[in-house]
Structures are given as structure tokens and as C-alpha cells.
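Numbering (this note's numbering), first residue to last: 516 to 604. Shown next, in C-alpha cells, is the structure this report addresses.
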């Protein structure tokens, strides 16, 4: 349960970070919906339907995987550009 709460906090933090940039406002809404389903999953687990709650949390969290992959690839690209710049200097 601690991991689920930690994941929920991370999802909320990501959603809040998107709110302040108007270019990513749609992503803020997507992450907000995911966070709501995460809360629903945690509440379902808390009332005793562990399997259903875990499935709700799992499925809603899968939606955020592409965002994480896009960020990782973007960060890798920036790191490669910095390495090339340092090599040529």
C-alpha cells in the first residue's frame, strides 16, 4: 500500500508540474484523471476489494508509461548533445 501511495504522490506532482505550462495543459488533465482513478483504486483496496482496487490502480498507471518513456528519450538526446559539444570543445 505504501508503494501505491508513493506512486499517487508522484502522479499528483507530475500533474501539478504540467499545470504551470500552458503547452502541456492537456497532459495535466490526463494525469489528473489517472490520479483520480489511482485514488479510486486505493479506496477500493481500503474497503476490502483488493484485487479490483489493484487492477484499477494498475490499469490507470499504465496510461502514464508513454509519458515516462518520452521524457527518458528526450533526456538521453540532451545528454548525447552535451557529450558531443564537450568532445568538440
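C-beta atoms are modelled at their ideal positions from N, C-alpha and C, and glycine is treated no differently. Since the structure is predicted, the reported quantities are computational estimates derived from the model, not experimental observations.
In the displayed model, residue 563 falls within coil according to three-state DSSP, outside both helix and strand. Residue 540 has its alpha-carbon roughly 28 Å from the corresponding atom of residue 569. Straight across, the Cα-Cα distance linking residue 530 with residue 565 is about 26 Å. In chain order, 530 place their CB closer than 8 Å to the CB of residue 547, counting only its own chain and leaving out the 5 sequence neighbours on each side. Between the alpha carbons of residue 572 and residue 596 lies a distance of about 37 Å. The C-beta distance from residue 532 to residue 553 rounds to 17 Å, too long to meet the 8 Å contact threshold.
Collapsing the DSSP output to three states places residue 535 in coil.
For residue 567, same chain residues with a beta-carbon under 6 Å away, outside a window of 5 residues either side, are 559 in chain order. When C-alpha distances from residue 545 are compared across 604, 579, 528, the shortest belongs to 579.
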